[in-house]
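Undergrad: To convert a position in the sequence shown, counted from 1, into this note's numbering, add 7.
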Amino acid sequence: MKISQVILLVLVTWWGSSCSSVRPITWPLESVASVGGHTVTISGNPQVVKQPTPAIAFDGIDDGLLVHANPIVGAEEFTIEVEFKPRAAWPANVEQRFLHIEDLALGQRRLLLELRLNNRGQWYADFFMRTEKAALTLIDSTQAHPVGEWATMTMVYKDKKLQGYVNGRLELSGDIEYLPIPASANTSIGTRMDQRSWFNGEIRSVKAWPKAILPKQ
8 MKISQVILLV LVTWWGSSCS SVRPITWPLE SVASVGGHTV TISGNPQVVK
58 QPTPAIAFDG IDDGLLVHAN PIVGAEEFTI EVEFKPRAAW PANVEQRFLH
108 IEDLALGQRR LLLELRLNNR GQWYADFFMR TEKAALTLID STQAHPVGEW
158 ATMTMVYKDK KLQGYVNGRL ELSGDIEYLP IPASANTSIG TRMDQRSWFN
208 GEIRSVKAWP KAILPKQ
């Protein structure tokens, strides 16, 4: 085996487990009454869309779901993945923050999965982490993807390294120390928790692993 192959094998083993070895917390978005068995506070009128796999549609104006749960509670490393389909909503919804985990009463510690639209029918990813000690934004407008298609965004954290994947491909990476978000935190879907930067499109599922997982392409 070549030295380069050995190094790659070591890195893969260190960074992530296989998806089959660690079972995720899975929240399929198929009802607005509850998400993943947790109670929900509804904003606006998000609609369940019956397709081959159900999803919830958000209008980019005032639709949102506040799930009263923290899917990464207690985790020192984690993976969060959202499957979604953004609409062509430029310039009305340029900045869209569609997953936000935080206890607003405590503040400081939060995670967000976001996207930005451009005027060419494309979107690009934005991953954000904040603690009372530091903040990190991972964004690159040159790595754009077409609107109107299903996609995944995956945030992976381990050993002071935050990585952002789109459709299983690593796009962004940066250094920050994660400080655990408490069990009292909620998860906002379709909007920032303070009800701005609304998502315009459909979201099919949210998954979370208490480990750093290499996403599937």
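For each residue, glycine too, the CB sits at the ideal point set by N, CA and C.
(1) Could you check the C-alpha separation between I196 and L177 for me, to the nearest Å?
(2) By Cβ distance, which residues of its chain are closer than 7 Å to G181, with the 5 residues on each side in sequence left out?
(3) Using three-state DSSP, classify H52 as helix, strand or coil.
(4) Alpha carbon to alpha carbon, how far is L118 from H107? Give it in angstroms, no decimals.
(5) Return helix, strand or coil for K218, following the three-state DSSP convention.
(6) Taking DSSP's pairing of strands, which residues face A132 in a bridge?
(7) So what's N207 in DSSP terms, helix, strand or just coil?
(8) Ordered along the chain, which non-local residues of its own chain (more than five positions away) have a Cβ less than 8 Å from that of I14?
(9) Can you tell me whether DSSP reads E109 as helix, strand or coil?
(10) Which value, in whole angstroms, describes the spacing of the CA atoms of G81 and E184?
(11) Rounded to whole angstroms, what is the Cα-Cα separation between L122 and F65?
(12) Would you list the one or two residues that DSSP bridges to S195?
(13) W227 to T194, Cα distance in whole Å?
(14) To the nearest angstrom, how far is it from the Cα of T60 to the Cα of V39?
TA: In short, the structure shows the following:
(1) 23 Å
(2) L143, L145, L169
(3) It should be noted that the sequence gives Asn, not His, for residue 52. Coil, per DSSP.
(4) 6 Å
(5) coil
(6) L122
(7) strand
(8) Model confidence at I14 stands at a pLDDT of 42, short of 50, so the residue's coordinates are unreliable; what they give is reported in the following sentence. Within the same chain, I14 has no close Cβ partners at all.
(9) strand
(10) 15 Å
(11) 14 Å
(12) L73, H107
(13) No answer is possible for residue 227: it lies beyond the span of the chain, which begins at 8 and ends at 224.
(14) 15 Å
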